[in-house]
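> I have a structure here, written as structure tokens, and I will follow up with some questions on it.
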Amino acid sequence: MAIAMLKQLPEYKNAFILRTRDMKKLETCNIFVDVGTLTIKDFHPNLEPAMKLSSAGLIYAHFGKRFITEIARNLNSDEDLEAVFKRQYFLKAVALVSDELVANVRRLVDDWLLAKTIVMDALKSRFSVHHSGMIVK
């Protein structure tokens with residue numbers, strides 16, 4: 014979710030995504046998220062002490078208002094922006110992403126995996142259809 018939010022911002026729209034915990038590679042990055050071994054104190058927002066945020070929560074806390082203005086340019090005032098920011102706050106965003114993630118996994122299991130099995134079975138038996146193996150059934 015953190016990357017999805019950042020990709021809406023002009024400066025990160027075309028950013029290359031690198032998955033690594035290699036510190037030498039991380040040192041070359043403009044921004045990084047979800048690197049559990051690092052804590053940058055200046056980056057953690059002044060929120061109530063009991064509130065713990067994941068990397069996506071931290072990105073929302075820092076970039077959420079900019080993210081909202083990039084996708085909703087018709088906001089009329091800072092008050093409207095603040096209202097949307099608070100109303101949409103992170104837990105609601107997690108619920109939205111969670112529903113989409115679950116639906117996507119179900120599609121993969123129910124549709125894609127079934128189709129993959131059918132294709133793989135056809136490829137495995139292709140030599141029984143024709144000696145060249147170029148025809149599948």
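This note's numbering runs 13 ahead of the 1-based position in the sequence shown.
Where a beta carbon is used, it is the ideal one built from N, C-alpha and C, also for glycine.
For a test of the three-state rule: what should DSSP assign to I30, helix, strand or coil?
It is coil, neither helix nor strand.
> How about A135 and V149: are their beta carbons less than 7 Å apart?
It is a contact, given that the beta carbons lie within the stated cut-off.
> Less than 7 Å between the C-beta atoms of A69 and M147, yes or no?
No.
> Going by alpha carbons, who is nearest to E24 out of R32, N43 and M36?
Ranking the options by Cα distance to E24, first place goes to N43.
> Who are the Cβ neighbours of I72 in its own chain at under 7 Å, not counting the five residues just before and after it?
The answer, listed in chain order, is A15, M18, L19 and V46.
> By the three-class DSSP mapping on this structure, what secondary structure does A128 have?
Helix, per DSSP.
> Does the separation of the CB atoms of Q21 and F98 fall below 7 Å?
Result no, Cβ atoms of Q21 and F98 do not sit closer than 7 Å.
> Comparing the CB of M36 with every heavy atom of the ligand ADP, is any distance shorter than 6 Å?
In the structure on display, the ligand ADP does not appear, and there are no ligands present to speak of.
> With distances taken between CB atoms, is the gap from L88 to K78 smaller than 7 Å?
Going by C-beta atoms, L88 is not nearer than 7 Å to K78.
> Just the Cα atoms here: how many angstroms apart are P62 and I30?
For P62, the predicted structure reports a pLDDT of 45, less than 50, and the residue's modelled location is therefore unreliable. The matter cannot be settled from this model.
> Go ahead and pull the three-state DSSP assignment for T41.
It is coil, neither helix nor strand.
> Go ahead and pull the three-state DSSP assignment for F140.
F140 falls in the helix class under three-state DSSP.
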